[in-house]
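Worksheet: the structure to be examined is printed underneath.
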Amino acid sequence: MRMSLFNVPDLQSRLSRNQRLLGIDPGSRIIGIALSDVLLGIASPYGSIRRGRLRINAEEIAAIARKEEAGGMIIGLPLSMDGSFGPAAQAARDWAIALSNATGLPAALWDERETSSRVHQLLIGSADLGRKRRAAVVDKMAAAVMLQSALDALPPISHAASDHTQPP
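Read in order, the letters of the sequence shown are residues 13 to 180 in the numbering used here.
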């Protein structure tokens with residue numbers, strides 16, 4: 013099945029009840045991965061994988077999606093600082109379409125400008141991490157920051173629409 017990219021609210025509407033979203037931050041060497049909760053309110057860092065051949069990365073991401081019951085992906089879009097759609101954004105869009113087709117997961121793009129630099133600043137300023145350890149954390153944290161930004165733009169899912177029930 014050929015997939016296409018959706019806007020974030022349309023992607024949300026394609027999810028089954030209690031499905032999560034993956035946040036994907038595709039760097040040149042490392043792909044950061046984050047995961048939402050089932051109510052699509054909170055993003056958490058999940059992990060990272062080494063970027064390589066699309067087929068292999070798609071298999072790894074699809075396996076994570078199956079394990080974590082994720083029904084879609086929010087993929088980082090590196091717009092230019094002025095908000096324009098440059099060569100990096102076009103390459104990311106093409107990769108996102110190919111990844112969506114390879115995994116069978118619907119996807120949406122989301123502006124990821126400055127997520128990595130914000131995470132670097134946070135980790136340098138408040139975490140006692142060496143450079144090597146910090147580098148290992150940045151990609152998954154950047155994916156979580158980007159995914160949280162997308163989740164914040166969504167309308168909240170009502171408890172009535174989820175499998176969670178309120179105590180009497």
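Glycine residues also receive a C-beta, built at the ideal position from the N, C-alpha and C atoms. Please read all numbers here as calculations on a predicted model, not as lab measurements.
| Asked | Found |
| --- | --- |
| Residue environment, D37, which counts as buried when at least 16 other CB atoms sit within 10 Å | buried |
| First through last residue of the beta strand (DSSP E) which encompasses A46 | 42-48 |
| DSSP bridge partner residues for I86 (one or two, in chain order) | G35, A120 |
| Whether A165 touches V50 by CB criterion (8 Å) | no |
| Coil, strand or helix - L17 by DSSP | strand |
| Residues sharing a beta bridge with A55, DSSP | S48 |
| Proximity of G98 and L33 at Cβ, strictly below 8 Å | no |
| Supposed close pair L5, L163 - CB separation, criterion 8 Å | Residue 5 lies beyond the range of the chain shown here (13 to 180); nothing can be said about it. |
| Buried versus exposed call for K152 [16 or more other C-beta atoms within 10 Å across all chains shown] | buried |
| V149 versus I73 - alpha carbon distance | 18 Å |
| Residue environment, P168, which counts as buried when at least 16 other CB atoms sit within 10 Å | exposed |
| Sequence-distant residues of its chain with Cβ nearer than 6 Å to L23 (five each side left out) | G84, P118, A120 |
| Beta-carbon proximity list for P179, same chain, < 6 Å, skipping 5 on both sides | Because P179 carries a pLDDT of 45, less than 50, the predicted location of this residue cannot be relied on, and the following value inherits that uncertainty. The answer is none, since no qualifying residue turns up. |
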